Ligand code: ASP
């Protein structure tokens, strides 16, 4: 007999079916027992007599007849509440020992360490099942939108060279080049620009970004972005694509967007009005309704002074300044007043996307690095490949990356990024389930030419 899923059972009243899934709960009433069986679609009540002893969260197979429940026993809280399955046979497929915690509630009260150690159990709870399934729907809808606009999905390497995104790199030693290291990408920034040089014109990728930063509620070592880049575009055109994609994908998952089109504010206005560029536009009523309020911010300063007095970039060194300020940049004057073509998207107080029009003129990009204090040799070493590409026919281009996990966090009213990730790191920067970082074989270290010293 073929397997029937819980909600499919609704169409099989009076028929014999086979169900497979987890035993979410058992209620023994003397000889009669009630079982809630859970599968990927939901739960269904099964009832039987003299059943074998079986613990909750065991995986079972049930054969039985689908019957309508009497009107007074209908359970309106579940989709299959009008029916139940009269068990003829129960087979245990995998017996569960006692679980370290229950998986029926939301689980917010449980400690992070234990939940992430047994993340596969934690993920069984309805809330996390929903978060990850809706995440998948969101990504699918974003892809659908981008494909409809002629984008090509292209993967870029994970083993790469450091690209400055303002964070610390994770590095990977090279066995074939002892003493040399790859960097894991903080973003695909340079590769996606090189894809514009290659003539793809419209690229996107669901990209993993790895940044060695101190973990925070809305930030981990790894996060995923919908990363895109376009040739022959203005700032407004890129913003439009990102906005349309966001609205399309959010509405597909049933989210409510408070204001469309998204308001556009300058950085100066925002700082004067809200005192922060991660502000929340929602009214109290809108907060209660769980609406999402977006706003674009433009006209950020390109550079800011570090504590030591050196200039650093506020967002992305590959950005072009606004056209009116290009001459200041080239003359290295009024540096603090130069505005960048950067645009950031905020939603309910979170930064959820950011991008810019890039400088495709090698002399402009070089000038940025000079302002940042790089010597010629260092510029050549670190970014020579970009300057070369820009001398070999690279169209004007710009792009954006959306940290859609933060957007989903806002949508679900979740407080932590990990609630929308399958296997997140702990707050102390360790992996879920598998115990990493961990020691490696001494032999491997020798091969890599690495000696570990006490700090
Ligand atoms: N690379 C940038 C980031 O990760 C996004 C972009 O400018 O496209 O924030």
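Residue numbers (my numbering): 640 to 1094. Where is the CB? At the ideal position from N, CA and C, for every residue including glycine. The model shown is predicted, which means the values in this text are computed figures rather than measured ones.
Length of the line joining the Cα atoms of residue i and residue j
i: residue 1050; j: residue 770; result: 10 Å
i: residue 845; j: residue 834; result: 15 Å
i: residue 949; j: residue 1007; result: 13 Å
i: residue 987; j: residue 923; result: 12 Å
i: residue 940; j: residue 1064; result: 33 Å
i: residue 985; j: residue 917; result: 6 Å
i: residue 667; j: residue 729; result: 15 Å
i: residue 865; j: residue 884; result: 10 Å
i: residue 990; j: residue 818; result: 37 Å
i: residue 962; j: residue 970; result: 14 Å
i: residue 882; j: residue 742; result: 37 Å
i: residue 777; j: residue 891; result: 7 Å
i: residue 897; j: residue 772; result: 24 Å
i: residue 1014; j: residue 1003; result: 15 Å
i: residue 745; j: residue 837; result: 48 Å
i: residue 1093; j: residue 1078; result: 13 Å
i: residue 921; j: residue 900; result: 15 Å
i: residue 1026; j: residue 1016; result: 13 Å
i: residue 767; j: residue 880; result: 30 Å
i: residue 784; j: residue 791; result: 12 Å
i: residue 1073; j: residue 862; result: 18 Å
i: residue 648; j: residue 661; result: 16 Å
i: residue 914; j: residue 1005; result: 33 Å
i: residue 642; j: residue 934; result: 48 Å
i: residue 1084; j: residue 1021; result: 27 Å
i: residue 925; j: residue 858; result: 25 Å
i: residue 704; j: residue 646; result: 14 Å
i: residue 650; j: residue 779; result: 29 Å
Proximity winner among the options, relative to residue i (alpha-carbon distances)
i: residue 789; options: 925, 733, 840; result: 840
i: residue 800; options: 774, 830, 712, 794; result: 830
i: residue 678; options: 690, 672, 719; result: 719
i: residue 1010; options: 889, 1046, 1054, 945; result: 945
i: residue 688; options: 727, 709, 1027; result: 727
i: residue 597; options: 895, 852, 858, 658; result: Given a span of 640 to 1094 for the chain in the structure shown, any question on residue 597 remains unanswerable.
i: residue 797; options: 758, 749, 809; result: 809
i: residue 702; options: 683, 713, 751, 1088; result: 683
i: residue 1001; options: 1033, 712, 1084; result: 1033
i: residue 842; options: 1039, 878, 756, 908; result: 1039
i: residue 1058; options: 911, 761, 1070, 715; result: 761
i: residue 781; options: 673, 725, 1044; result: 1044
i: residue 877; options: 641, 759, 981, 1055; result: 981
i: residue 1018; options: 957, 737, 1041, 1056; result: 957
i: residue 824; options: 848, 814, 740; result: 848
i: residue 663; options: 785, 675, 655, 654; result: 675
i: residue 712; options: 1072, 694, 686; result: 686
i: residue 927; options: 814, 1052, 955; result: 1052
i: residue 856; options: 646, 656, 1071, 1055; result: 1055
i: residue 1075; options: 756, 815, 650; result: 756
i: residue 623; options: 656, 1070, 1091; result: Here the chain has residues from 640 to 1094 only, and residue 623 is not among them.
i: residue 874; options: 1042, 903, 650; result: 903
i: residue 1071; options: 694, 665, 775, 758; result: 758
i: residue 1012; options: 1041, 965, 947; result: 947
i: residue 738; options: 907, 694, 814; result: 694
i: residue 886; options: 965, 909, 1041, 911; result: 1041
Proximal residues to residue i (C-beta, below 6 Å), its chain only, five neighbours per side dropped
i: residue 993; result: 983
i: residue 854; result: 1066, 1068
i: residue 734; result: 697
i: residue 644; result: 678, 680
i: residue 1023; result: none
i: residue 1060; result: none
Beta-carbon proximity list for residue i, same chain, < 8 Å, skipping 5 on both sides
i: residue 1036; result: 832, 835, 868, 869, 870, 871, 872, 996, 997, 999
i: residue 707; result: 652, 721, 722
i: residue 967; result: 960, 973, 974, 976, 977
i: residue 905; result: 936, 937, 938
i: residue 931; result: 889, 894, 895, 896, 897, 986, 987, 1046, 1049, 1050
i: residue 851; result: 806, 807, 808, 809, 860
i: residue 907; result: 938
Cβ-based neighbour list, residue i, same chain, cut-off 7 Å, excluding 5 preceding and 5 following
i: residue 943; result: 951, 953
i: residue 670; result: 688, 689
i: residue 827; result: 795, 844, 846, 866
i: residue 1030; result: 1001
i: residue 812; result: 820, 1087, 1089
i: residue 752; result: 1065
i: residue 750; result: none
Runs of alpha helix (DSSP H) lying entirely within the segment 722-798, each at least 4 residues, in chain order: Taken in chain order, the whole alpha helix (DSSP H) runs of length 4 or more contained in the segment 722-798 are 751-756, 758-761, 765-787.
Contained alpha helix (DSSP H) runs [length at least 4] in the segment 819-873, N- to C-terminal order: List check, alpha helix (DSSP H) in window: 828-836.
Every unbroken alpha helix (DSSP H) inside the segment 1029-1093 [4 residues or more]: Fully contained in the segment 1029-1093 are the following alpha helix (DSSP H) runs of length 4 or more, in chain order: 1043-1051, 1081-1087.
Runs of alpha helix (DSSP H) wholly within the segment 877-958 (minimum 4 residues, chain order): As far as the segment 877-958 is concerned, its whole alpha helix (DSSP H) runs of at least 4 residues are 906-913, 923-927.
4 or more residues per run - each alpha helix (DSSP H) lying fully within the segment 966-1041: DSSP runs (the alpha helix (DSSP H)) wholly in the segment 966-1041: 1001-1010, 1015-1029.
Completely contained beta strand (DSSP E) runs for the segment 678-721, where each covers 3 or more residues: Runs of the beta strand (DSSP E) lying entirely within the segment 678-721 and spanning at least 3 residues, in chain order: 681-688, 698-707.
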